[in-house]
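Asks: Sharing a structure below in C-alpha cells format, with a few things to ask.
Residue numbers (the numbering used here): 1 to 62.
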C-alpha cells in the first residue's frame, strides 16, 4: 500500500506524464477540429520546451 501512496512506477515522473498528456491533448484538439495545424505545432513546441527545460535543470545539479 505504501508503494501506491508514494507513486509506485510513476514516482518522480510528473513532467513526463504532463508532457504526454499535453501532446495527446494537442493532437486530439487538432483531430477533432478545435485547432488548426499551426496551433498544434505551437502546442507541441511549448510542451517539448518545458520538458527540455526540466531535463536541463535536473542534470545541472549532478
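Backbone N, C-alpha and C fix where the C-beta goes; we use that ideal spot for every residue, glycine too. No experiment lies behind these values; they were computed from the predicted model shown.
Please state whether DSSP places residue 33 in a helix, a strand or coil.
Replies: Residue 33: coil per DSSP, three-state reduction.
Asks: Distance check for residue 31 and residue 12, CA to CA, integer angstroms please.
Replies: Rounded to whole angstroms, the gap between the alpha carbons of residue 12 and residue 31 is 31 Å.
Asks: Of all the options 14, 56, 40, which has the alpha carbon lying nearest to the alpha carbon of residue 26?
Replies: 40
Asks: If you check the beta carbons only, do residue 8 and residue 47 fall under 8 Å apart?
Replies: no
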